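Take the numbering used here: the last position of the sequence shown gets the number 864, and nothing is skipped along the way.
Glycine is no exception: its CB is placed at the ideal position from the N, C-alpha and C atoms.
Note that this is a predicted model, so its numbers are computed, not measured.
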Amino acid sequence: MALWIYEVTIEGALLISQEGEWLVIQNLLSKKLEHHLRILMKEFSFLLNLLFIYILSNMIVSTAVDTIAASQLLRDGETIVSTGGSFELGFFSPGSSTKRYLGIWYHKIASGTVVWVANRETPINNTFGVLMVEEPGILVLRDHTNHKIWSSNSSRRIQTPIAQLLDSGNLIVRDGNDSDSQNFLWQSFDFPCDTFLPGMKFGRNSTSGLDRYISSWKSTDDPSPGDFVYRLDPNGFPQFLLFKGSIVQFRSGPWNGLRFSGIPPLKANPFYKFWFVFNQEKMYYTYELLNTSVVSRMVLGQNGIFQRFTWINRTQGWKIYISVPLDNCDTYAFCGPYSSCNIDDSPVCACLKGFVPKFPNEWDKVDWSNGCVRKIPLECGKGDGFIKYSGIKLPDTRYSWFNVSMNLKECKMKCLNNCSCRAYANLDIRGGGSGCLLWFDDLIDIRQLTENGQDLYIRMAASELGKNLWPNEGNEVFHISIRNNKDKDI
Numbered sequence: 375m376a377l378w379i380y381e382v383t384i385e386g387a388l389l390i391s392q393e394g395e396w397l398v399i400q401n402l403l404s405k406k407l408e409h410h411l412r413i414l415m416k417e418f419s420f421l422l423n424l425l426f427i428y429i430l431s432n433m434i435v436s437t438a439v440d441t442i443a444a445s446q447l448l449r450d451g452e453t454i455v456s457t458g459g460s461f462e463l464g465f466f467s468p469g470s471s472t473k474r475y476l477g478i479w480y481h482k483i484a485s486g487t488v489v490w491v492a493n494r495e496t497p498i499n500n501t502f503g504v505l506m507v508e509e510p511g512i513l514v515l516r517d518h519t520n521h522k523i524w525s526s527n528s529s530r531r532i533q534t535p536i537a538q539l540l541d542s543g544n545l546i547v548r549d550g551n552d553s554d555s556q557n558f559l560w561q562s563f564d565f566p567c568d569t570f571l572p573g574m575k576f577g578r579n580s581t582s583g584l585d586r587y588i589s590s591w592k593s594t595d596d597p598s599p600g601d602f603v604y605r606l607d608p609n610g611f612p613q614f615l616l617f618k619g620s621i622v623q624f625r626s627g628p629w630n631g632l633r634f635s636g637i638p639p640l641k642a643n644p645f646y647k648f649w650f651v652f653n654q655e656k657m658y659y660t661y662e663l664l665n666t667s668v669v670s671r672m673v674l675g676q677n678g679i680f681q682r683f684t685w686i687n688r689t690q691g692w693k694i695y696i697s698v699p700l701d702n703c704d705t706y707a708f709c710g711p712y713s714s715c716n717i718d719d720s721p722v723c724a725c726l727k728g729f730v731p732k733f734p735n736e737w738d739k740v741d742w743s744n745g746c747v748r749k750i751p752l753e754c755g756k757g758d759g760f761i762k763y764s765g766i767k768l769p770d771t772r773y774s775w776f777n778v779s780m781n782l783k784e785c786k787m788k789c790l791n792n793c794s795c796r797a798y799a800n801l802d803i804r805g806g807g808s809g810c811l812l813w814f815d816d817l818i819d820i821r822q823l824t825e826n827g828q829d830l831y832i833r834m835a836a837s838e839l840g841k842n843l844w845p846n847e848g849n850e851v852f853h854i855s856i857r858n859n860k861d862k863d864i
């Protein structure tokens, strides 16, 4: 016996089918009837949404302290807490905003200090958000209409995926039977917001292309990315650059084995240790706390200041430990090329020895942005030598070359034998110095430091060195210690 099926489409066409073959018979619906049908469809859709919420409300809510399994969910108003009680994951509204975000904040202390936000660009407008773990191991945040608001990502599949909040503040997705950190499917530490926590790797993975950078909040009410981004620049010898939009605001300087050249306050201390990893596969900066009773974090503020904070129990508040940029001399290229900035001098900008203002009239009007130029052009192969500057922040390394095995003498000859080389320095200052760093572009963003400065050897014409040198004697080095005006050493 033939089975006939009838259906009326939303457009008002009568369809008739026998054994799966559909035929349009005629348009039945008037415009008025079509309007009523559309209303009916909307009401039906609303009922489906109510059914979705009902199903979610009857799902198993996470009963474990720090995990969410594939059969569980986390609803707005519920949280999970890391095993040691340091961090909490849940929904929150920042500042005076009523919008809802999924985030991580300190649990034991500084309640409300948010360190990570999942949906920072796509807030939920009500309190019906839910977080769940979906196969093959993806965290998904949905709203009351089942619309996907945010999700993690993974190219791998696992059988028993779970989400777990670690006591480091790292939210991870892993196999329930495998706790090896090398096998995590996804982790929030790979996608920081405005906060750099202990154990994070701040930098890049050259193999995977992963770029872990810090970006400020737009405002205290809005965690979406703001004006400032602090990230590792891999060009030349790596250094961190702070951007406002596309404009560089501050530069950390290169890592010298002990610290970044432009952050002299960064030094060994009893509270935390820090280091920089740099090889063919990865380049990143990280730190870990030495004392479990100390709570510390680094934050890029909405004003573009990158600060380390420590928690003070006595005052129940955060105290600033280190800040960059520190002053005008930390402003990128404040004095222009071939000049040095000394915050203790007035004016703060001065041309390096053998250089004069490029535009004297502008320079005299306190516009130093175009910097300085050589008094006497270089004549490669005719007795060029070097002047040694001490106690400085090394210039921008984006157009530099480096070698980790050369000594300083080899580095000097490498620079001297290349007419495009402008300056050289040790790559690593530990143990008397090692490695070679060469500059092939204008020397820019140099400043005098009162502590932990470095030596830089700048190429000069023979006549600027105080005597004429034969071509094969171009290894002469003169020393200049940059000091303030009242204690100048020429």
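Rounded Cβ spacing between residue i and residue j (contact assumed at less than 8 Å)
i    : j    : result
L513 : S525 : 6 Å
G573 : S589 : That pair is no contact at about 19 Å.
P769 : D819 : 6 Å
S764 : D719 : The pair is not a contact, with the Cβ atoms about 17 Å apart (cut-off 8 Å).
W742 : F708 : 7 Å
I442 : I536 : 7 Å
L515 : A484 : The Cβ separation is near 24 Å, so there is no contact.
K732 : N744 : 5 Å
I832 : I761 : 5 Å
9 Å Cβ cutoff met for residue i and residue j
i    : j    : result
M594 : Q676 : According to the sequence as given, residue 594 is Thr; it is not Met. Yes, they are a contact pair.
S562 : W490 : yes
V778 : L752 : no
K767 : G827 : yes
C746 : V722 : no
V547 : F565 : no
N665 : P699 : no
Y706 : G577 : no
M506 : L545 : no
F460 : S542 : Going by the sequence as given, residue 460 is Ser instead of Phe. Yes.
L823 : A797 : no
V501 : F465 : First, the residue type needs correcting, since residue 501 is Thr and not Val in the sequence shown. It is a contact, given that the beta carbons lie within the stated cut-off.
N781 : G807 : yes
L812 : C793 : no
T660 : V651 : yes
Residue i - DSSP class collapsed to helix/strand/coil
i    : result
Y563 : Before going on, a small fix: residue 563 reads as Phe here, not Tyr. Looking at F563 - three-state DSSP - the assignment turns out to be helix.
G577 : strand
Q690 : coil
V662 : Note that residue 662 is Glu in the sequence shown here, rather than Val. Here E662 sits in strand by DSSP.
D541 : coil
S404 : Low local confidence applies: a pLDDT of 47 at S404 is under 50, so the model's placement there is unreliable, and no value is given.
C715 : strand
Q676 : coil
L823 : coil
C703 : helix
G806 : helix
L811 : strand
S667 : coil
S837 : helix
S555 : helix
S582 : coil
S697 : strand
D549 : strand
L606 : strand
L830 : strand
G710 : coil
D568 : coil
S589 : strand
Proximal residues to residue i (C-beta, below 8 Å), its chain only, five neighbours per side dropped
i    : result
D607 : Q613, F614, L615, R772
I694 : Q681, R682, F683
K656 : K575, G577, R578, N579, S580, T581
E495 : S598, P599
Close Cβ partners of residue i (< 7 Å) along its chain, the five nearest in sequence each way excluded
i    : result
E784 : C810
G486 : W479
D440 : I454, V455, S456, T457, Q538, L539
P497 : K473, R474, Y475
D568 : I588, S589, S590, W591, V673, L674
K618 : D601, F602, G678
R633 : L640, K641, N826
L463 : T453, I454, I478, L539, L545
Contacts around residue i, its chain only, beta-carbon distance under 6 Å, and the 5 residues preceding and following it disregarded
i    : result
G610 : T771, R772, Y773, S774
G728 : K749, M834, E838
R449 : V504
R804 : G631
A444 : V507, P535
Mind pulling the beta strand (DSSP E) runs of 3 or more residues that sit fully within the region 723 to 802? Qualifying beta strand (DSSP E) stretches, in chain order: 723 to 725, 729 to 731, 746 to 748, 759 to 767, 774 to 777, 797 to 799.
Quick check on the DSSP output: what are the complete beta strand (DSSP E) runs of length 3 or more inside the region 609 to 653, in order along the chain? 613 to 618, 621 to 628, 646 to 652
Which runs of the alpha helix (DSSP H) fall wholly inside the region 504 to 539 and span at least 4 residues, in chain order? none
Runs of beta strand (DSSP E) lying entirely within the region 440 to 493, each at least 3 residues, in chain order: 441 to 443, 446 to 449, 461 to 466, 475 to 480, 488 to 491
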